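In the working numbering, the protein residues as written are 6 to 244.
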């Protein structure tokens with residue numbers, strides 16, 4: 006299991022990141038962290054449970070909902086989130102920070118209609134809370150190498166608790182979830198090879214799932230079904 010976990014952390018998690026599939030990346034990293042550093046995983050998990058302020062997140066969501074409605078900015082989703090355990094652990098190691106020095110443990114995510122609304126929502130956020138200097142990242146104007154787009158800002162929430170806010174469109178969110186196939190999934194039918202692309206994504210998902218299940222004896226902890234059957238015949242590109 007140690008060998009599989011190390012291999013997954015070094016190969017499959019970076020591959021998921023290259024494909025722009027953040028949900029897979031986080032899942033793989035957290036699973037590997039649990040197997041490779043069980044004591045640190047347990048300690049950080051306990052500290053996160055004790056320090057995560059659910060009431061503050063709920064209050065911030067309600068406050069932002071009212072402000073967005075007042076400004077007539079439509080949104081699809083407004084939700085709270087916390088940084089992944091491995092993400093916290095990695096940042097603590099790389100930047101030599103204590104857990105309470107990490108600014109993006111508490112977070113909100115807003116999914117809006119279009120790019121213009123992203124910047125309008127950002128203005129609303131900065132009107133509600135004080136911006137932490139130097140923490141604004143515009144990945145819409147300057148996407149990451151894997152195509153990821155979003156606005157990230159850190160503000161001082163209630164009780165001066167740092168609060169990271171991510172703002173993106175539905176299409177940008179699908180890009181983060183499905184990676185390179187998001188464009189065809191969002192505009193299904195625009196490309197005559199869209200089914201081929203989506204089948205390739207399902208095969209990639211199956212490979213990662215199989216690797217996870219091979220690595221872990223407790224398959225139920227992975228969040229997948231026990232079956233590792235391929236999703237379909239291996240896709241072939243035909244005109």
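From the three backbone atoms N, C-alpha and C, an ideal C-beta is built for every residue, glycine too.
What you are looking at is a predicted structure, and each value in this text was computed from that prediction instead of being measured.
{"Check": "Limits of the alpha helix (DSSP H) - the one that residue 3 falls within", "Outcome": "For the chain, the structure presents residues 6 to 244; residue 3 sits outside this window and is missing."}
{"Check": "Between the CA atoms of residue 65 and residue 52 - distance to the nearest angstrom", "Outcome": "22 Å"}
{"Check": "C-beta contact flag for residue 253 and residue 175 at 8 Å", "Outcome": "There is simply no residue 253 to check, as the chain begins at 6 and stops at 244 in what is shown."}
{"Check": "For residue 130 and residue 154, the rounded distance between their alpha carbons", "Outcome": "18 Å"}
{"Check": "First and last residue of the uninterrupted beta strand (DSSP E) at residue 147", "Outcome": "Run containing residue 147: none; DSSP gives neither H nor E here."}
{"Check": "Exposure label - residue 54; buried when at least 16 CB within 10 Å", "Outcome": "exposed"}
{"Check": "Test item: CB-CB of residue 137 and residue 126 under 8 Å", "Outcome": "no"}
{"Check": "Stretch-stretch touch, CB-based, cutoff 8 Å, three pairs: the segment 100-118 with the segment 74-91", "Outcome": "yes"}
{"Check": "Member of 143, 50 and 93 whose CA lies at the smallest distance from the CA of residue 156", "Outcome": "143"}
{"Check": "Span separating the alpha-carbon of residue 133 from that of residue 107", "Outcome": "21 Å"}
{"Check": "Boundaries of the alpha helix (DSSP H) in which residue 98 is found, first to last residue", "Outcome": "90-100"}
{"Check": "Exposure label - residue 122; buried when at least 16 CB within 10 Å", "Outcome": "buried"}
{"Check": "Exposed unless 16 or more other CB atoms sit within 10 angstroms - verdict on residue 8", "Outcome": "exposed"}
{"Check": "Segments of 4+ residues assigned as alpha helix (DSSP H) that fall wholly inside the segment 112-146", "Outcome": "120-133"}
{"Check": "Residue 173 burial status per 10 Å Cβ neighbour count (16 or more: buried)", "Outcome": "buried"}
{"Check": "Whole-angstrom distance between residue 74 and residue 12, CA atom to CA atom", "Outcome": "47 Å"}
{"Check": "Contact belief for residue 96 with residue 102 at Cβ below 8 Å, rounded distance in angstroms", "Outcome": "6 Å"}
{"Check": "Straight-line Cα distance separating residue 162 from residue 60", "Outcome": "12 Å"}
{"Check": "Straight-line gap, residue 171 to residue 124 (C-alpha atoms, nearest Å)", "Outcome": "11 Å"}
{"Check": "Delimiting residues of the beta strand (DSSP E) encompassing residue 83", "Outcome": "80-87"}
{"Check": "Collapsed DSSP secondary structure at residue 197 in the structure displayed", "Outcome": "Low local confidence applies: a pLDDT of 46 at residue 197 is under 50, so the model's placement there is unreliable, with the coordinate-based value given in what follows. The answer is coil: DSSP assigns residue 197 none of H, G, I, E or B."}
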